[in-house]
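Novice: Residue numbers (our numbering): 79 to 370.
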DNA sequence: ATACAGGCTCGCC
DNA sequence: GGCGAGCCTGTA
């Protein structure tokens, strides 16, 4: 398998693939192996370039949103201490373009779950229902189609550790595979209508809808509010003590962060997750024993 | 061990 | 039409 070089300025692959927007890329050698839709891909970073497995260059460039004018997007953020710190910390992080169904299904399974577990669920669904392929020495699996999951039963999904989410995923898979929920057709809807349609799907509320809008529909204004970002916003923009209603918070996010609010959200989110998580692990439990 | 996670839904008021 | 409890399961 030959690797081909493509240009990737203002980009950080590791940061992008491990910032909580996508959950299936596995470390492989000095890079990552995974799937872009039905194509098995290996990709690794060499400073301002990416090395990509045969023929996948164009697909990778689109998937990783290397065409986003990242410098301008970041320069357009509001000028405040929280965002300035996050922008500095997350240099090169891009909001990627995921396949619609895969992204929707994954975020339906994400509710009340930590990243590690979302990854496990994604892998279980892929291994059990997805087509497999080999790339650059790694075995990878495609995310199963809506039709494939619609044909499964609830127990099979529960066996993938979905719990109560199994029912929602199954119902939504049926709506999508029957065409009643025309995910591709919804691309042309304005933000508000798209969000309303998504929220009609079982297991999809405002948070999941905004994630799908941001990570799959390229709505860079969409601003998902989860417990992490809520913590950050209250602390950095409202002061811990002050009480604020969810609606006020929502209005603030939609107005303050502007047309690339989703990018701002992702930067604030990832910065907070990394720095707060580190505090929690300040006393490492897995010390490497010193051999005599 | 036992809270508690990157929410949604339904039932209750 | 707002509020709170319940839902499954792995991780910390």
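All C-beta atoms in this analysis are idealised placements derived from N, C-alpha and C, irrespective of residue type, glycine included.
Give me, in chain order, the residues of the same chain whose beta-carbon lies closer than 6 Å to that of residue 286; leave out the 5 immediate sequence neighbours on both sides.
Specialist: Here residue 286 refers to the residue found at position 208 when the first chain is read from its first residue. Around residue 286: 185.
Novice: Between residue 202 and the rest of its own chain, which residues show a CB-CB distance below 7 Å, the 5 nearest in sequence each way excluded?
Specialist: Taking the first chain and counting its residues from 1, the one referred to as residue 202 is at position 124. The residues are 238, 239.
Novice: Bridge partners of residue 112, per DSSP?
Specialist: In the first chain, counting from the first residue as 1, residue 112 sits at position 34. DSSP output for residue 112 lists 119 as bridge partner(s).
Novice: Give the single residue among 225, 207, 293 whose Cα lies nearest to the Cα of residue 140.
Specialist: For the purposes of this step, residue 140 is identified with residue 62 of the first chain, where counting begins at 1. When only C-alpha atoms are compared, the closest one is 293.
Novice: Mind checking who residue 85 pairs with in its DSSP beta bridge?
Specialist: In the first chain, residue 85 corresponds to position 7, counting from 1. Looking at the DSSP assignment, residue 85 forms a beta bridge with 127.
Novice: Tell me whether the beta-carbon of residue 155 lies closer than 8 Å to the beta-carbon of residue 300.
Specialist: On the first chain, residue 155 is found 77 positions in, with the first residue counted as 1. On the first chain, residue 300 is found 222 positions in, with the first residue counted as 1. No. Outside cutoff.
Novice: Starting from residue 94, follow the alpha helix (DSSP H) in both directions and report where the run begins and ends.
Specialist: The sequence position of residue 94 within the first chain is 16, counting from 1. It spans 91-95 - the alpha helix (DSSP H) in which residue 94 sits, taken as one unbroken run.
Novice: Could you round the C-beta distance between residue 118 and residue 213 to whole angstroms and report it? I think they count as a contact, below 8 Å.
Specialist: Taking the first residue of the first chain as 1, we reach residue 118 at position 40. Taking the first residue of the first chain as 1, we reach residue 213 at position 135. 4 Å between Cβ atoms; contact.
Novice: Figure out for me which residue from 147, 190, 113 has the closest Cα to the Cα of residue 134.
Specialist: Looking up residue 134 in the first chain gives position 56. Of the listed residues, the one whose Cα sits closest to residue 134 is 113.
Novice: Across which residues does DSSP place residue 187 in a beta bridge pair?
Specialist: Position 109 of the first chain holds residue 187. Beta bridge pairing from DSSP links residue 187 with no other residue.
Novice: Can you tell me the Cβ-Cβ gap for residue 187 and residue 247, rounded? I've got them flagged as a contact below 8 Å.
Specialist: Counted from its first residue, the first chain places residue 187 at position 109. Counted from its first residue, the first chain places residue 247 at position 169. Between residue 247 and residue 187 the Cβ distance is about 6 Å, and since that is below 8 Å, they are a contact.
Novice: Please classify residue 250: is it buried, with 16 or more other beta-carbons within 10 angstroms of its beta-carbon, or exposed?
Specialist: In the first chain, the residue the question calls residue 250 occupies position 172. Counting Cβ neighbours within 10 Å, residue 250 comes out buried, since at least 16 surround it.
Novice: What distance in whole Å lies between the Cβ atoms of residue 253 and residue 259, which are believed to be in contact at a cut-off of 8 Å?
Specialist: In the first chain, the residue the question calls residue 259 occupies position 181. In the first chain, the residue the question calls residue 253 occupies position 175. That belief holds up - the Cβ atoms of residue 259 and residue 253 are roughly 4 Å apart, short of 8 Å.
Novice: Between residue 127 and the rest of its own chain, which residues show a CB-CB distance below 7 Å, the 5 nearest in sequence each way excluded?
Specialist: Counting from one through the first chain, the residue named residue 127 turns up at place 49. Hits under 7 Å: 83, 84, 85, 86.
Novice: Out of 94, 278, 121, 115, point me to the one whose CA is closest to residue 107's CA.
Specialist: Locating residue 107 in the first chain gives position 29, where the first residue counts as 1. For the residues 94, 278, 121, 115, the minimum Cα distance to residue 107 belongs to 121.
Novice: Would you kindly work out how many angstroms separate the C-alpha atoms of residue 266 and residue 272, rounded to a whole number?
Specialist: Translated into the one-based positions of the first chain, residue 266 becomes position 188. Translated into the one-based positions of the first chain, residue 272 becomes position 194. Here the alpha carbons of residue 272 and residue 266 stand approximately 9 Å from one another.
Novice: Please say whether residue 298 and residue 173 have beta carbons closer to each other than 8 Å?
Specialist: Here residue 173 corresponds to residue number 95 of the first chain, with the count starting at 1. Here residue 298 corresponds to residue number 220 of the first chain, with the count starting at 1. Yes, Cβ-Cβ distance for residue 173 and residue 298 is below 8 Å.
Novice: When burial is assigned at 16 or more other CB atoms within 10 Å of the CB, is residue 159 buried or exposed?
Specialist: Sequence index remark: in the first chain, residue 159 carries index 81 (1-based). Classification for residue 159: exposed.
Novice: Confirm, please, whether the CB-CB distance from residue 111 to residue 218 is below 8 Å.
Specialist: As a first step, residue 218 must be located in the first chain, where it is residue number 140. As a first step, residue 111 must be located in the first chain, where it is residue number 33. Their beta carbons are under 8 Å apart, which means residue 218 touches residue 111 by this criterion.
Novice: Based on the DSSP output, what are the partners of residue 105 in its beta bridges?
Specialist: Taking the first residue of the first chain as 1, we reach residue 105 at position 27. In the DSSP output, where bridge partners are listed per residue, residue 105 has 110.
Novice: Could you give the uninterrupted runs of the alpha helix (DSSP H) lying entirely in the segment 244-288, keeping only those of 4 residues or more?
Specialist: 269-277
Novice: Consult DSSP for residue 213 and reduce its assignment to one of helix, strand or coil.
Specialist: One-based indexing of the first chain puts residue 213 at position 135. DSSP places residue 213 in strand when its eight states are reduced to three.
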